[in-house]
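Colleague:
2 protein chains.
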Amino acid sequence: MTTPRTKPATLKDVAEAAGVSISTVSRVFSSPGRISPETSDRVREVARKLRFTPNVMARSLITGTSPNIGLVVPDITNPYMTTLLKAAQRVSRGHQTGIFVADTDDDAEIERRVCEQFAQQSRGVILCAPRMTASHIREISGLVPLVLVNRVVEGIPSVYTDSRSALRELFDELVEQGHRRIGYLPGPAGSWSNKQRARTVADRARSLEVELVRLDPTDGTHAAGVLAAVQVLELGITAVMAFDDVLAAGLVEGLRQHGKSVPDDVSVTGHDDILSELVHPGLTTITGQSARVGQLAIARLLDSSGPDAGSGPELGVLLDESVGVKATVVRRHSTAAPRSRSD
Amino acid sequence: MTTPRTKPATLKDVAEAAGVSISTVSRVFSSPGRISPETSDRVREVARKLRFTPNVMARSLITGTSPNIGLVVPDITNPYMTTLLKAAQRVSRGHQTGIFVADTDDDAEIERRVCEQFAQQSRGVILCAPRMTASHIREISGLVPLVLVNRVVEGIPSVYTDSRSALRELFDELVEQGHRRIGYLPGPAGSWSNKQRARTVADRARSLEVELVRLDPTDGTHAAGVLAAVQVLELGITAVMAFDDVLAAGLVEGLRQHGKSVPDDVSVTGHDDILSELVHPGLTTITGQSARVGQLAIARLLDSSGPDAGSGPELGVLLDESVGVKATVVRRHSTAAPRSRSD
DNA sequence: AGGCATGTGTCAAAGGTTTGCATAGAACCG
DNA sequence: CGGTTCTATGCAAACCTTTGACACATGCCT
């Protein structure tokens, strides 16, 4: 009925077949150089023939460390996360490192549970938990090495996309185009990123003495973006910077439903550069750098707990520092000068 | 510098603190009922206080089975896969089951390597490998219980979305609207799903005596969809059914670049219902049922290797059978009657 | 009172690996 | 040639848990 499964070969099997002791075989794989080349070759040959691969569980049990790492995200459905995952995947491949993925449905309790579960079976976890309290995060960091994504908390290493300068640049461009009443469409309330972006834009508006209106908070969904259209129109805003592309796309759709067009009637910008090809007109946005973030995050984890940990910072950063990846603006077709009043 | 990590408590610690033997503590957790309620309570209390959780590695080592399962997909970036993953996640949560995810970049060699890696550390893997040869798949199934997704190979359990009747229905609707020259825009060449869909549509066209033109093969990307537009226009096709939504969205964009509009100039349909909210006009498509597929796949894995395996089929299906979940068509705004010739 | 079923707990082996220590032989030096 | 050092390998403990076999106590039946 079900396919028969044969037991995999163990060190012992290989040792017997090769006429050496178990420890010798073990050393052939784990501390090469201690074994003479001839023995080593013979053992490898036998091992290959027997299709031997070291038992990960047993190894982890004794070394007290697992080859795997965990990735905890609020919503795996978000393209930002999948490209991050994909990038992480690529670097992990060379390291025999498996990646646990947990989607927490944006629930802080689940976040905690999952982290604890992963702590045991991973040598580290990449945690993207925009809502969890900092003290919870610290607590978890006592269980397992952590790298935070898109959030910084004192004393814990993190990687985030730093879009502050890009946001300012984009804001300035809108102003240059003639917009004097610009909206910020917020993302999820508890989100660290949202706070950052909102503050950056607000600061810029203040120093340029341009009016910034902060639209009602949203949950970051496409639907929320659609809904936001009415507020934008009511308030007579001519350009809005959305928390991210999903929201921006929703807003574009919402405006269309009210017979308004982008960018002729109102300009819209996004963030993360994730829906670039899909929405029309092409969204002017800011690169999310999620691939780079994923790559850095896993690299830090891998070599902070790797075989040569302690030999100094390899990424050119202190190990508990937070590193920001600079984002840039990508210009497409969703912004333009505001319609003149007389139109 | 880095956060200090304290060793987690073991059975032994709990046993000593509670004044019982190790085995007693073990049984409190693994075979309840063998231990008297009083002892059990006391032990649990102590365990809680010590923050004890059984060491997964040690447990797996001795039981010869892991709590985790693996998910292997060609491209985690595809929304079909992420919703599948999300659904699987939800059911796994109740089972303390971690999910390994591997993105294989559509590379058969990586698929194989990753499966072998997961085999050791998982109690089963959900394999979505549209390109791998059937014999490779069989081989892997000798290493670890498998559930195939969107592909069926004799003797191996699988779950797939069955859109044959929906495809026929959709095709019929196009014909009713007056289309007489309909195109099929193929997905990745090696893909099992692509073959199924192409054949279903071709069969229907034959029996309805309507002309079906099979467009050039694509790699399934958005860009390929954009490119396909020229062929569609050259051949004077009035409606095209695309392999999936990504391709369909690309095609819509491509047509727009040639000044043609959907559905006025040509009708376009997709598959998977994944980009519904994002493209304009809303895509008429077929539900992918990825969530349901994910849910079923993991459920089969979980209870085929679960504690009560062998107590009979729990899902109402034989354990090595393949189960299809019926897809339905969702009508939006990307199809219409063809322009009459005289326009 | 002796025998027995039942309920509760302990002992020790097993699972596959890593690794500190011991050993044995070889090579080297004086 | 005796002694020292070095290299290659083996032995056995340890990691933490599960589990079959067994021991002990209790209470019941005859």
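Note that the protein sequences, when read in sequence, are chains A and B.
Mapped onto our numbering, the consecutive letters of the first sequence carry residue numbers 1 to 343.
Mapped onto our numbering, the consecutive letters of the second sequence carry residue numbers 1001 to 1343.
Here a beta-carbon is modelled for each residue, glycine too, at the ideal position from N, C-alpha and C.
Everything numeric in this text was worked out from a predicted model, so none of it was measured.
1. For the beta strand (DSSP E) that Lys1326(B) lies in, which residues bound it at each end?
2. Looking only at C-alpha atoms, which of His1179(B), Ala1129(B) and Asp1075(B) sits nearest to Ser1340(B)?
3. In chain order, which alpha helix (DSSP H) runs of at least 4 residues are fully inside the stretch 1005–1047 of chain B?
4. Report the option in Cys1128(B), Gln1196(B), Glu1154(B) and Gly1124(B) whose CA atom is closest to the CA atom of Arg1138(B).
5. Which runs of the beta strand (DSSP E) at least 3 residues long sit entirely within the stretch 1070–1104 of chain B? Give them in chain order.
6. To which residues of the same chain is Pro79(A) closer than 7 Å at the C-beta, ignoring the five residues directly before and after it?
7. Ordered along the chain, which non-local residues of its own chain (more than five positions away) have a Cβ less than 7 Å from that of Asn1194(B)?
8. At 8 Å on the CB atoms, spell out the chain A contacts of His1095(B), in chain order.
9. Using a Cβ-Cβ cut-off of 8 Å, state whether His258(A) counts as contacting chain B.
10. At a CB distance below 8 Å, what residues from the stretch 1038–1063 of chain B approach chain A? Give them in sequence order.
11. Please identify, using Cβ separations under 8 Å, the residues of the stretch 1117–1145 of chain B that lie next to chain A, in order along the chain.
12. What does Thr1082(B) touch in chain A if you count any residue whose Cβ is under 7 Å from its own?
13. Quick one, are the C-beta atoms of Thr269(A) and Ser191(A) less than 8 Å apart?
14. With respect to the alpha helix (DSSP H) encompassing Gly225(A), which residues constitute its N-terminal and C-terminal limits?
15. Determine, using beta-carbon pairs with one atom in the stretch 44–56 of chain A and one in the stretch 256–264 of chain A, whether at least three such pairs fall under 8 Å.
16. Could you compute how far the alpha carbon of Ala102(A) sits from the alpha carbon of Asp272(A)?
17. I'd like to confirm the pairing. Which residues does DSSP put opposite Gly1183(B) in its beta bridges?
18. How many whole angstroms separate the CB atoms of Gly124(A) and Val147(A), which I take to be in contact at a CB cut-off of 8 Å?
19. Looking at the structure shown, is Asp1272(B) part of a helix, part of a strand, or coil, going by DSSP?
20. Note the first and the last residue of the continuous alpha helix (DSSP H) segment covering Asp172(A).
21. Beta carbons nearer than 7 Å to chain A: which residues of the stretch 1202–1233 of chain B have them?
22. Measuring alpha carbon to alpha carbon, tell me which residue in Ile298(A), Gln231(A), Ser207(A) and His95(A) is nearest Val266(A).
23. Under three-state DSSP, which class holds Ile286(A)?
24. Closest to Thr74(A) by C-alpha separation, out of Leu278(A), Asp219(A) and Thr24(A), would be which residue?
25. What residue range does the alpha helix (DSSP H) around Ala62(A) cover?
26. Any idea if Arg1214(B) is buried or exposed, counting beta-carbon neighbours within 10 angstroms, 16 or more meaning buried?
27. Looking at the secondary structure, which residues open and close the alpha helix (DSSP H) in which Val1246(B) lies?
28. Answer yes or no: does any C-beta atom of chain A fall closer than 8 Å to that of Lys1086(B)?
29. Checking contacts by CB at 8 Å: is Ile1022(B) closer than that to chain A?
30. Restricting to Cα atoms, I'd like to know which of Thr284(A), Glu234(A), Ile35(A) and Ile69(A) is closest to Arg181(A).
31. Using a C-beta to C-beta distance shorter than 8 Å, which residues of chain B count as neighbours of Phe100(A)?
32. Spatial neighbours of Glu169(A) within its chain, please: C-beta separation below 7 Å, excluding the five flanking residues on both sides.
33. From what residue to what residue does the beta strand (DSSP E) around Val1125(B) run?
34. With a threshold of 8 Å between beta carbons, is Val1279(B) in contact with chain A?
35. Does DSSP put Pro1307(B) in a helix, in a strand, or in coil?
36. On the DSSP bridge list, what partners appear for Val147(A)?
Modeller: From the atom records:
1. Ser1322 to Lys1326
2. His1179(B)
3. Those alpha helix (DSSP H) runs which fall completely within the stretch 1005–1047 of chain B and span 4+ residues are 1011–1018 and 1022–1030.
4. Glu1154(B)
5. 1099–1103
6. Ile274
7. If we look at Asn1194(B) and ignore the five residues flanking it on each side, its Cβ neighbours are Pro1186, Gly1187, Pro1188 and Phe1243.
8. None at all; the shortest Cβ gap to chain A is about 11 Å.
9. no
10. Thr1053, Asn1055, Val1056, Met1057, Ala1058, Ser1060 and Leu1061
11. Gln1117, Phe1118, Gln1120, Gln1121, Arg1138, Ser1141, Gly1142, Leu1143, Val1144 and Pro1145
12. Under the 7 Å cutoff, chain A gives Ile76, Thr77 and Thr82.
13. no
14. His222 to Glu234
15. Between the stretch 44–56 of chain A and the stretch 256–264 of chain A there are fewer than three C-beta pairs closer than 8 Å, too few to call the two in contact.
16. Ala102(A) and Asp272(A): Cα-Cα distance of roughly 21 Å.
17. Val1213(B) and Val1240(B)
18. 7 Å
19. Strand at Asp1272(B).
20. Arg164 to Gln177
21. His1222
22. The candidate whose alpha carbon is nearest that of Val266(A) is Gln231(A).
23. strand
24. Looking at the sequence itself, residue 74(A) is Pro, so the reference to Thr does not match. Checking every option, the nearest Cα to that of Pro74(A) belongs to Asp219(A).
25. It is Ile, not Ala, that sits at residue 62(A) in the sequence shown. First-last of the alpha helix (DSSP H) with Ile62(A): Val56 to Thr63.
26. exposed
27. Asp1245 to Gln1257
28. yes
29. no
30. Glu234(A)
31. Here the neighbours are Asn1068, Gly1098, Ile1099, Phe1100 and Val1101.
32. Val329
33. Val1125 to Leu1127
34. At least one chain A Cβ lies under 8 Å of Val1279(B).
35. With a pLDDT of 47 at Pro1307(B), under the threshold of 50, the modelled position of that residue is not reliable, and no figure is offered here.
36. Ile126(A)
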